[in-house]
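Numbering (the working numbering), first residue to last: 23 to 194.
Heads up, the beta-carbon is just placed ideally off N, CA and C, and yes, glycines get one too.
Everything below concerns the one structure shown next.
Take a look at the structure:
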């Protein structure tokens with residue numbers, strides 16, 4: 023598989039996850055509406071429903087990070103970046119990915135390693151009696167978050183490197 027094909031496959035993966043996350047977001051809003059109607063209209067509340075909204079929100083944030091990076095929509099200071107040419111933007115993206123994104127993602131994995139493994143070892147569930155019993159699955163999303171960002175960052179490195187090589191003049 024060529025590097026360009028690998029970058030395209032990573033893009034497709036994060037695109038697919040992003041579409042799934044969009045539907046999950048809609049479902050989360052609908053569940054929230056149901057919770058509000060049940061609570062204020064009928065004085066009924068379900069802990070598991072409230073926790074499911076928190077699980078969905080965390081999943082949207084964690085799993086949607088790669089999609090957001092793929093579409094270059096993460097927060098950054100655009101005052102300077104917006105005025106740069108394609109070559110300079112490629113350098114900023116390449117250096118930012120290698121020196122900021124990758125180290126942060128590896129730190130997330132490193133520092134969450136025991137946290138997630140211990141959760142799996144105990145099949146950690148909610149502290150609430152009638153809460154959701156799959157907290158360990160939610161904590162696994164921390165690794166998926168970092169992994170998807172590393173993958174998308176790799177695609178960025180492939181693309182920016184290709185752009186920088188193609189735009190180099192023979193004199194440089």
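Cβ-based burial, residue i [other Cβ within 10 Å; buried from 16]
i	result
residue 194	Note on residue 194: pLDDT 40, under 50, position unreliable in the model; the coordinate value appears next. It counts as exposed.
residue 106	exposed
residue 104	exposed
residue 175	buried
residue 182	buried
residue 91	buried
Contacting residues, own chain, Cβ-Cβ under 8 Å from residue i (five flanking each side not counted)
i	result
residue 39	85, 86, 88, 89, 170
residue 59	none
residue 114	103, 106
First and last residue of the uninterrupted alpha helix (DSSP H) at residue i
i	result
residue 118	108-118
residue 136	124-143
residue 63	25-64
Sub-7 Å separation of residue i and residue j beta-carbons
i	j	result
residue 135	residue 158	no
residue 71	residue 57	yes
residue 32	residue 168	no
residue 43	residue 75	no
Reduced DSSP secondary structure (H/G/I, E/B, other) of residue i
i	result
residue 149	coil
residue 98	coil
Cβ neighbours of residue i in the same chain (closer than 6 Å, five flanking residues each side left out)
i	result
residue 172	127
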